[in-house]
Structure formats: C-alpha cells, structure tokens
DNA sequence: CAGCCGGCTGATTCTCGAATCAACGAGCAG
DNA sequence: CTGCTCGTTGATTCGAGAATCAGCCGGCTG
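Residue numbers (our numbering), protein chains in the order written: chain X, 316 to 561; chain S, 316 to 561.
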C-alpha cells in the first residue's frame with residue numbers, strides 16, 4: 316500500500332502541474348480574446364494539450380474561468396495581506412498596496428489584464444460569481460481604512476468601503492492606461508505612474524509632491540518573497556525566473 | 316415630388332424612432348446579460364419587435380453594440396464638454412465632471428453599467444473599436460489637466476493623461492460599487508459618494524474635508540439642460556419619465 | 001515480459017444562436 | 001379601387017464551438 320500511495324502522490328503532482336499549465340494557457344488566451352470570444356480549442360492549443368484534456372481537468376468552460384479568477388485574486392489577496400501586515404503607518408500601507416499591484420502587473424501583464432477586464436461580469440445563471448473574490452479584496456482594504464480612521468490617521472467622515480473602492484479604482488485605471496496601450500510600457504514610466512497613483516490618492520491633485528517613491532524603504536520588490544506567494548499562483552509551478560514573458 | 320419628400324421624411328422619422336427603441340432595448344439586455352451573453356432574440360423581444368427587424372436597422376450584432384457605445388459615450392462627451400466650458404476654476408471643473416458622471420448614473424444606471432462594463436473589450440478582429448470613443452473622453456480630460464498645469468493650478472510633474480485616467484478611475488470605481496450592488500443605491504448615499512470622490516481626487520485621503528458638495532453653486536442638476544443632451548441620447552426618444560425601471 | 005490501468009487523445013455529436021430570405025400587409029399613388 | 005412599395009415578419013439555414021466518448025498508449029505491476 317505504501318508504494319501505491321507514493322505513486323498516487325507522484326501522479327497527483329504531475330496532474331496538478333498539468334492543471335496549472337492549462338490554467339496558465341487559459342489566462343493567456345482569455346487576455347487575448349476575452350472569455351466569451353475564445354474557444355476551448357485555443358486554450359488546448361496554447362497549452363500544447365489535447366482538446367479533450369481540458370475537460371478532464373475542468374467540468375466546463377465556466378469552471379475554467381472560475382479557477383482562473385480564484386487563483387488570481389487569491390494570490391493578490393495574499394500579497395496584499397502580506398504587504399499590509401508589514402507596514403504600521405497608514406501612508407506606508409497605501410503605498411505598499413499600490414506597489415504590490417504595479418509589481419504584479421510588471422510581472423504578469425496578461426494575468427492582470429484578465430482579472431481587470433473580466434471583473435464584474437455576472438452570468439445571470441449563477442455559476443461562479445466572479446465578483447466574489449474581488450469583493451473580498453475590497454473588504455480587506457475597507458477594514459484597513461476603518462482601522463486607520465479609528466487611529467485618527469484618516470478623516471472620520473469618509474466611507475471606508477468607498478475609500479477602498481477608490482483606491483482600487485485609481486490603481487485599476489492607472490493600469491488600464493497600460494493595458495489599453497494608451498501609454499508605452501517602460502519600467503520607468505510604470506514607476507512614475509505608480510508613484511503618481513499613490514501620491515494622488517493620498518494628497519490629491521492639488522497636494523501632490525514630486526519625487527516621492529511608492530516605497531521609501533529599500534524593501535522594493537521584497538514585500539513578500541516571490542516564491543512564497545507569486546501573484547497568480549497559476550504561475551507558481553514554473554521556475555521562478557519565468558517572470559518577464561511578453 | 317414635394318409630397319413624396321414629405322412622406323419620406325415622416326417615414327424616416329418613424330424609422331429613427333424604431334431604431335432608438337431597439338437601441339434602448341439593447342442597452343437594457345446588454346446590462347442584464349452582457350453583450351456576448353445575450354441573444355439578438357432577447358433584444359428583439361425586449362423591443363417588442365420582430366427578430367428580423369433588428370437586422371434591418373443594424374448590419375450585425377457588432378454594429379449594434381457599436382451604436383450603443385457611440386451614442387452613449389458621445390452623449391457623455393457632450394455633457395462633459397458643457398460642464399468644463401462653464402467652469403473657469405480647475406477645482407470647479409473637476410467637481411462638475413464628477414457631478415455629470417454621477418448624475419448620468421442616477422438617471423440611467425443600466426446605460427452606465429453597459430458603458431462601464433464593456434469598455435476595453437477589443438475583439439482582435441478589428442470591427443468597431445469600443446475603446447475609441449472612451450479614449451476621446453480621456454483625451455479631453457487630459458488636455459484640461461495640461462491647461463490647468465500651464466496656469467499653475469496643478470503641479471507640473473504630473474502626467475496629464477495619467478491624471479485623466481485616475482479621475483475616471485475614481486469615478487468609475489465609485490460607480491462600480493453601486494453597479495455591483497455592494498452599496499445601497501439611495502440618493503443620499505449617491506451624493507455623499509460623489510462628494511467623496513471629488514474630494515479625494517482633489518485633496519487626497521489625508522486632506523479630505525467634510526461636507527463639501529461637488530458643486531457649491533446651486534446649479535446642481537442644471538449643468539446642462541436635461542433635454543439638450545441627455546447622457547445617452549439613446550433614451551431621448553421616450554417620454555422622459557421612463558427612467559426608473561427595475 | 002505480459003497485461004492492465006488510467007491519463008490522454010481528437011474525431012464526432014449536438015446545441016445554440018447569428019444571419020438570411022421569401023412572403024405578408026399597411027399605406028400611398030394614380 | 002388597384003396595384004405597388006417597402007417596412008416588417010419569423011421560420012429556415014448554416015456555421016461555430018461546447019461537450020462527449022470510444023479507443024490509444026505509456027508506464028507500472030506482478
């Protein structure tokens with residue numbers, strides 16, 4: 316029995332990897348054509364896998380999308396939590412959340428694009444509610460704002476949930492300019508954008524100060540060790556250097 | 316010939332109305348199921364019209380969506396232009412843009428939902444680029460920021476285009492909390508949200524002051540006369556009371 | 001080495017909805 | 001009143017692609 320179990324485990328591991336491969340391919344294809352606009356055949360081809368295998372791992376197309384979302388947002392959630400727990404100061408917290416989001420985009424623009432563009436779509440027929448995971452992230456941020464208010468770091472009259480929404484709205488739209496290709500995607504431009512987003516959110520258009528990097532600590536990319544919880548754990552299977560694929 | 320012409324005109328008028336009816340139905344259905352998720356049959360039924368007639372007025376499903384977008388964003392563009400031209404001060408301009416957007420949402424949540432949710436979707440096959448109209452709105456806002464910078468009302472180091480994106484990001488996300496049903500949609504809540512959006516954008520989280528209405532002038536809903544350019548001229552055909560169907 | 005087990009394959013089936021089109025009838029001209 | 005024009009109708013056609021399934025093959029067991 317022992318050996319059997321070992322084999323079973325090995326198999327399971329391989330299968331898990333397969334599964335990830337397909338998920339990754341799905342992200343790729345969704346980002347190119349959108350969920351509705353793409354065929355399962357596309358995903359299979361992208362993954363270098365037989366058509367039928369997709370159905371071996373996922374009940375149907377909807378479940379596939381659901382999985383993409385879950386792993387994507389969950390990964391993001393983890394990173395944001397990590398970032399928040401490492402900063403005590405409100406301002407620092409905000410900056411690090413913005414940082415995490417931009418870093419995620421730098422690492423995997425495609426993945427971010429899917430999460431951004433496909434959010435909010437709710438197929439009347441229930442299924443997986445794509446908004447759910449995102450709502451959880453919002454909730455986390457909202458409670459951070461509430462806490463900051465309790466400690467007198469943020470004006471009391473602001474609605475925490477709305478504040479959270481505005482934060483991610485600013486981030487999302489900042490990223491959207493890149494996603495849509497309205498702006499060139501240079502590292503430098505990306506950095507400036509990140510700083511402007513944080514600065515505008517904190518001090519507004521009128522109070523924005525020049526040259527304030529999003530994270531004043533040298534911590535930079537080390538908010539969380541990359542391997543611990545890459546943004547989309549979809550990508551986690553691969554050698555961690557896979558980073559810049561475009 | 317004279318009589319003929321008259322008849323032609325009458326017919327054209329009727330046709331135009333039919334067309335609008337179908338457009339309105341399309342907005343309704345798109346907002347419920349999304350563009351890809353709905354059938355032309357749904358639109359036809361909603362419009363109380365034969366299936367085939369939809370194809371009499373629109374070449375295909377894509378053109379239908381294109382028209383919805385064009386009229387929607389164009390209407391918004393007009394209102395924003397109007398709002399901007401009536402205000403000299405930068406801060407007032409910002410507040411009135413926010414005001415226009417929220418007012419549009421109050422008037423026609425469905426329509427706004429479609430415009431928000433379907434932006435950014437670009438079918439690789441060219442067709443109508445849905446981003447285009449939206450990009451024009453962004454451009455307008457960007458030039459406003461540039462102008463404000465020239466007059467020293469806004470810090471020079473900020474990127475105007477990014478600033479514009481952030482403005483609409485804040486607005487959009489503020490509205491999204493309502494679209495997603497995360498918050499109750501009361502007039503009062505809506506007003507507070509609007510003020511918070513404007514305030515946060517101008518002074519940031521840290522500098523936000525309480526109780527500053529988006530438009531200090533009593534002008535309120537009168538940024539533009541409602542009949543002149545309703546946000547979605549899609550709706551302009553009907554008796555103006557049709558508004559609140561849910 | 002044989003035999004089988006289960007992940008894997010991809011042609012086939014079947015559903016669904018976009019787009020077509022032949023025919024209808026309301027209104028207008030003559 | 002007759003006949004014609006053209007907006008309107010909805011059954012029909014057709015293609016796309018989701019989901020199925022009968023068998024294949026690589027690797028493990030005995």
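Idealized CB from N, CA, C, for every residue including glycine.
Any C-beta of chain X under 8 Å from that of residue i
{"i": "residue 528 of chain S", "result": "no"}
{"i": "residue 464 of chain S", "result": "no"}
{"i": "residue 472 of chain S", "result": "yes"}
{"i": "residue 422 of chain S", "result": "no"}
{"i": "residue 329 of chain S", "result": "no"}
Residues near residue i in its chain [Cβ-Cβ closer than 8 Å; skip 5 each side]
{"i": "residue 523 of chain S", "result": "511, 514 and 515"}
{"i": "residue 399 of chain X", "result": "408, 411, 412, 455 and 459"}
{"i": "residue 344 of chain X", "result": "353, 357, 358 and 361"}
{"i": "residue 487 of chain X", "result": "431"}
{"i": "residue 570 of chain X", "result": "There is no way to answer for residue 570 of chain X, as the model of chain X reaches only from 316 to 561."}
Sequence-distant residues of its chain with Cβ nearer than 7 Å to residue i (five each side left out)
{"i": "residue 334 of chain S", "result": "372"}
{"i": "residue 360 of chain X", "result": "none"}
{"i": "residue 406 of chain X", "result": "517"}
{"i": "residue 463 of chain X", "result": "405 and 469"}
{"i": "residue 385 of chain S", "result": "448"}
{"i": "residue 376 of chain X", "result": "355"}
{"i": "residue 559 of chain S", "result": "Its pLDDT being 36, under 50, residue 559 of chain S is placed unreliably in this model, and the coordinates cannot settle the point."}
{"i": "residue 501 of chain S", "result": "none"}
{"i": "residue 428 of chain S", "result": "346 and 494"}
{"i": "residue 388 of chain S", "result": "430, 448, 449 and 452"}
Residue span of the alpha helix (DSSP H) that contains residue i, given as start and end
{"i": "residue 351 of chain S", "result": "First-last for residue 351 of chain S: undefined, no H or E at that position."}
{"i": "residue 472 of chain S", "result": "Note, residue 472 of chain S: premise wrong, no alpha helix (DSSP H); not H, not E."}
{"i": "residue 515 of chain X", "result": "502-522"}
{"i": "residue 401 of chain S", "result": "376-401"}
{"i": "residue 424 of chain S", "result": "424-433"}
{"i": "residue 369 of chain X", "result": "366-372"}
Neighbourhood of residue i by C-beta distance below 6 Å, restricted to the same chain and skipping five residues each side
{"i": "residue 478 of chain S", "result": "460"}
{"i": "residue 379 of chain X", "result": "341 and 373"}
{"i": "residue 453 of chain X", "result": "479"}
{"i": "residue 485 of chain X", "result": "512 and 516"}
Under 8 Å by beta carbon: chain X residues contacting residue i
{"i": "residue 399 of chain S", "result": "Those do not exist, as residue 399 of chain S stays about 15 Å from chain X at its closest Cβ, beyond 8 Å."}
{"i": "residue 488 of chain S", "result": "480, 481, 483, 484, 485, 487 and 488"}
{"i": "residue 508 of chain S", "result": "474 and 477"}
Neighbour list for residue i in chain S, Cβ cutoff strictly below 8 Å
{"i": "residue 364 of chain X", "result": "Within chain S, no residue comes near residue 364 of chain X; the closest Cβ sits about 22 Å away, beyond 8 Å."}
Interface partners of residue i on chain S, CB under 7 Å
{"i": "residue 459 of chain X", "result": "By Cβ distance, chain S contributes nothing, its closest Cβ being about 11 Å from residue 459 of chain X, past 7 Å."}
Residue-chain proximity (residue i, chain S), Cβ-Cβ < 8 Å
{"i": "residue 517 of chain X", "result": "yes"}
{"i": "residue 501 of chain X", "result": "no"}
{"i": "residue 477 of chain X", "result": "yes"}
{"i": "residue 396 of chain X", "result": "no"}
{"i": "residue 351 of chain X", "result": "yes"}
{"i": "residue 332 of chain X", "result": "no"}
{"i": "residue 335 of chain X", "result": "no"}
Residue i: contacting residues in chain S (beta-carbon distance under 9 Å)
{"i": "residue 525 of chain X", "result": "470, 471, 472 and 473"}
7 Å Cβ cut-off: residues of chain X touching residue i
{"i": "residue 512 of chain S", "result": "481"}
Contact list for residue i against chain X, beta-carbon separation under 9 Å
{"i": "residue 522 of chain S", "result": "470, 517, 518, 519, 521 and 522"}
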